Each structure stands twice: as C-alpha cells, then as structure tokens.
Amino acid sequence: MELNVSRRVLLAGSAAAIAASGPVATGFGDLAHAKAPMAGTQAPYWYRFKLGAFEGTVVSDGPLGLGDPSETFLGSSKEAVKKALSDNFLAPDNVVLEQNVLVLNTGSNLVLFDNGTGAAGAKNFNGKTGKLLANLKAAGIDPKDITALVITHCHIDHCWGIMSDDGQRNFPNAQIYVAQNDLEWWTNEANGTKDWIKDFIAGARRNLVPNRERIVFVKDGQEVLPGIQAISTPGHTVGHTCYMLTSEGKSLCNIGDLTHHQILLMETPRLEFSFDTDPKQSAQSRVKTLDMLASQKIPMLAYHYPWPGIGHIGKMGDGFRYYPSAMQMTL
Ligand SMILES: [Zn+2]
2 MELNVSRRVL
12 LAGSAAAIAA
22 SGPVATGFGD
32 LAHAKAPMAG
42 TQAPYWYRFK
52 LGAFEGTVVS
62 DGPLGLGDPS
72 ETFLGSSKEA
82 VKKALSDNFL
92 APDNVVLEQN
102 VLVLNTGSNL
112 VLFDNGTGAA
122 GAKNFNGKTG
132 KLLANLKAAG
142 IDPKDITALV
152 ITHCHIDHCW
162 GIMSDDGQRN
172 FPNAQIYVAQ
182 NDLEWWTNEA
192 NGTKDWIKDF
202 IAGARRNLVP
212 NRERIVFVKD
222 GQEVLPGIQA
232 ISTPGHTVGH
242 TCYMLTSEGK
252 SLCNIGDLTH
262 HQILLMETPR
272 LEFSFDTDPK
282 QSAQSRVKTL
292 DMLASQKIPM
302 LAYHYPWPGI
312 GHIGKMGDGF
322 RYYPSAMQMT
332 L
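Quick note, this note's numbering runs 1 ahead of the 1-based positions in the sequence shown.
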C-alpha cells in the first residue's frame, strides 16, 4: 500500500473528483461565485487579561519588519540563523517583530508601558507601525486617562509615541518614568556615532525633552508605582529596565527588549542583536533575568514576541525555551 501520497497525487485526485461531479465554475479561486464576500479584515489588535486584582490590556502598535535576520542577529553564522528559523517554520529571510504595548489598570493608576513608534517612526517601517492610538481607542481606552508612561528604554519603537507629529502630547495627563542614564544617553547628540543612532537620538529628544518636568527617574529594585518594581537590565541600552508587576501574589514580568526573538534569542541567548549598545552586557542581562524567571516560573510579557507576547520560560540546554500562553477569551 502506498502511504507516501505526494501532493501531486492528492491534487490530481481532487481535480478528477471535480471533473467527475460535472460542470462547476473553476474551483475555489472563482470569487464571482463565492457564497459571501471575503471579509479582508483581521480581529482586533488588543487583548485583555487579569493579573490578580489588576487588569492588563495588550495593545499593538503594529508589526516591525526587520528584513534579513543575518544583518541583525550576530555572533553566529548566517546559515545557522536561517536554519534555526526555518526549523521552526519561520521565514528565514524576513524577521517580523510585534510591538506588544501593555496598559495596566492597577485601580489607582492606568499605566502604559512603552508607546510605539508614533507617526514619525512609522516612516521607518513602511507605515505599518504607529497604530497605538487607534488600537487604544478600539480597546476602549482614552489616552487622557493614562496616568503614567513607564518606559523600558528610549528607542524609536518604545518612546516615539509620546508626542504627536505636530508636537502635542498624546497622553496629556501622564507622568513619565524612565532610567536616568537611558534618558541622558539617548538625548545626548554627542552619542550619535552612526546614522541610525543619530535618528534615534533626534526622535528621543523630540518626545522626551519637551516633557522634562514630567519625568520621574526609576532605580533598580525600586517600587516605581504600587505593584510595579523596576529591574535594571542594561546592555540593549545603558538603562534598559524590566518591570515586575505583582498583584495578590501573582506576578508577570514585563521584559521590554531583554530578548527580541522567541527562537534566536532564547535557544541561543548569547547571540548578539545589532541594535544593542553593549551586546555582551545585553546577553549577560538576558541570561541572568531569564534564568530567574525560569526558576521561579514567573510568566513574562515580551514586547517583540508573537502576539500578544505572554508566556513562560523553561531552561533548555544552555539556553531557554519559550512557551506561549494560550489566549483566554473569557475573563
Ligand atoms: Zn524594541
């Protein structure tokens, strides 16, 4: 008996079946004869969940296309990077990262963690980003109600959504929380040694400098707001900070850009990412923090992981494995 049925044989069989059933239009591709029009729209780009007494909503700013991964994930051969992707059924020639922005309602605060590329930054990503305000609206969240903007680091995709294109505050009633050294580094034009860094600094200045009097500095280990603790994780940027969120004994670690990829920077966590300020230090922070989250079985929310970016971490070999949590569609 032939078990190894090729796709060609299956297709030939179905064509024969269609032919035998008499004159039908032209098969599945004939939209003129479809029973209903194709919708062509996607599900909402926000997702709600509970954390103890807190309510979280992940809201997307839109996908970031990074293109060829061998330009961004360094420290291994191009072939090994492509194989790791294709072994996991991911496109080997185009890495796409999500932007999972978290809104956390703690009862006393409505906190937005990072804020996407804004309209200005969307130009760097084929116009597919900068969707945060539209998706907040779809999720029923009014930007005027946001009381705190907590920032993991001052990159284009994390702090360019603070100001509108015409220089207005998108979140007019919010204080801004960020590490002092990160703010100072990314607003200092003297650090612009490459074109992309110059561009990032110009944008950070546009979004942060006009808000200087609203900025509160966060320190390692500090409870920034009730239930929100800062964990300094330098390397990706000088002041990159993760935030541990805890309510009624339940914790979730908002890891920002501690890792950018669910395979490449988990299974081989010492790989380097081209946008890291200090790639070696970044890898150290990544391994140390993921190790802690894995051993304490604390789930994480990863800004750039597949939507909506919530899952657990397990140890695997001398690296890690990401276990995405199933979306819970009833609260
Ligand atoms: Zn990022």
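C-beta atoms are modelled at their ideal positions from N, C-alpha and C, and glycine is treated no differently.
Just so we're clear, the structure is a prediction, and the values are computed from it rather than from any experiment.
| Asked | Found |
| --- | --- |
| Is the region 255–274 touching the region 284–293, taking contact as three or more C-beta pairs under 8 Å? | yes |
| For residue 136, which residues of its own chain have a beta-carbon under 7 Å away from its beta-carbon, when the five flanking residues on both sides are left out? | 46, 47, 60, 61 |
| Note the first and the last residue of the continuous alpha helix (DSSP H) segment covering residue 119. | 119–123 |
| From 138, 230, 211, pick the residue whose C-alpha is nearest to that of residue 168; which is it? | 211 |
| Return yes when the C-beta of residue 34 is under 7 Å from any heavy atom of ligand 1, and no when it is not. | no |
| Buried or exposed: where does residue 34 fall if 16 or more other Cβ atoms within 10 Å of its Cβ makes it buried? | exposed |
| Classify residue 25 as buried or exposed, calling it buried when 16 or more other Cβ atoms lie within 10 Å of its own Cβ. | Because residue 25 carries a pLDDT of 49, less than 50, the predicted location of this residue cannot be relied on, and the following value inherits that uncertainty. With fewer than 16 Cβ atoms within 10 Å of its Cβ, residue 25 is classed as exposed. |
| Could you tell me whether the region 67–76 touches the region 154–171, where touching means 3 or more Cβ pairs closer than 8 Å? | no |
| By the 10 Å Cβ neighbour count, where 16 or more other Cβ atoms means buried, how is residue 205 classified, buried or exposed? | buried |
| Measuring alpha carbon to alpha carbon, tell me which residue in 193, 68, 119, 108 is nearest residue 278. | 193 |
| Decide yes or no for the touch test of the region 88–100 against the region 145–153: beta carbon pairs closer than 8 Å, at least 3 of them. | no |
| Give the residues whose C-beta lies closer than 5 Å to at least one heavy atom of ligand 1, in chain order. | 158, 258 |
| Measure the Cβ-Cβ separation of residue 242 and residue 217 and say whether it is below 8 Å. | no |
| State the Cα-Cα distance for the pair residue 266 and residue 125, rounded to the nearest angstrom. | 24 Å |
| What are the start and end residues of the beta strand (DSSP E) that includes residue 252? | 251–257 |
| From this set, 309, 110, 182, which residue's C-alpha is nearest residue 327's C-alpha? | 309 |
| Of the choices 112, 43, 262, whose alpha-carbon is the least far from that of residue 306? | 262 |
| Within 10 angstroms of its Cβ, does residue 23 collect 16 or more other Cβ (buried), or is it exposed? | The pLDDT assigned to residue 23 is 47, lower than 50, so where the model puts this residue is not dependable, and the model offers no usable value. |
| Would DSSP call residue 139 helix, strand or coil? | helix |
| Mapping DSSP to helix, strand and coil, what is residue 154? | coil |
| Determine, using beta carbons only, whether residue 232 and residue 302 come nearer to each other than 8 Å. | no |
| Do residue 133 and residue 117 have their C-beta atoms closer together than 8 Å? | yes |
| Can you tell me which of 160, 215, 247, 84 puts its alpha carbon nearest to the alpha carbon of residue 229? | 247 |
| What residues in its chain sit with their C-beta under 6 Å from that of residue 66, if we drop five residues either side in the sequence? | 97 |
| Considering Cα atoms alone, identify which of 282, 140, 313, 284 is closest to residue 297. | 313 |
| For a test of the three-state rule: what should DSSP assign to residue 68, helix, strand or coil? | strand |
| Pull the bridge partners of residue 313 from the DSSP assignment, please. | 324 |
| Can you give the beta carbon distance from residue 151 to residue 239, rounded, assuming they're within the 8 Å contact cut? | Wrong, their Cβ atoms sit about 18 Å apart, outside the cutoff. |
| Specify, as a first and last residue, the run of the beta strand (DSSP E) that residue 59 falls within. | 55–61 |
| For residue 153, tell me which candidate among 49, 41, 37, 182 has the shortest Cα-Cα distance. | 182 |
| Closest by CA to residue 157, which one among 191, 139, 198, 110? | 198 |
| Under DSSP, the beta strand (DSSP E) around residue 97 begins and ends at which residues? | 96–98 |
| When you compare only the Cα positions, how much space is there between residue 114 and residue 142? | 14 Å |
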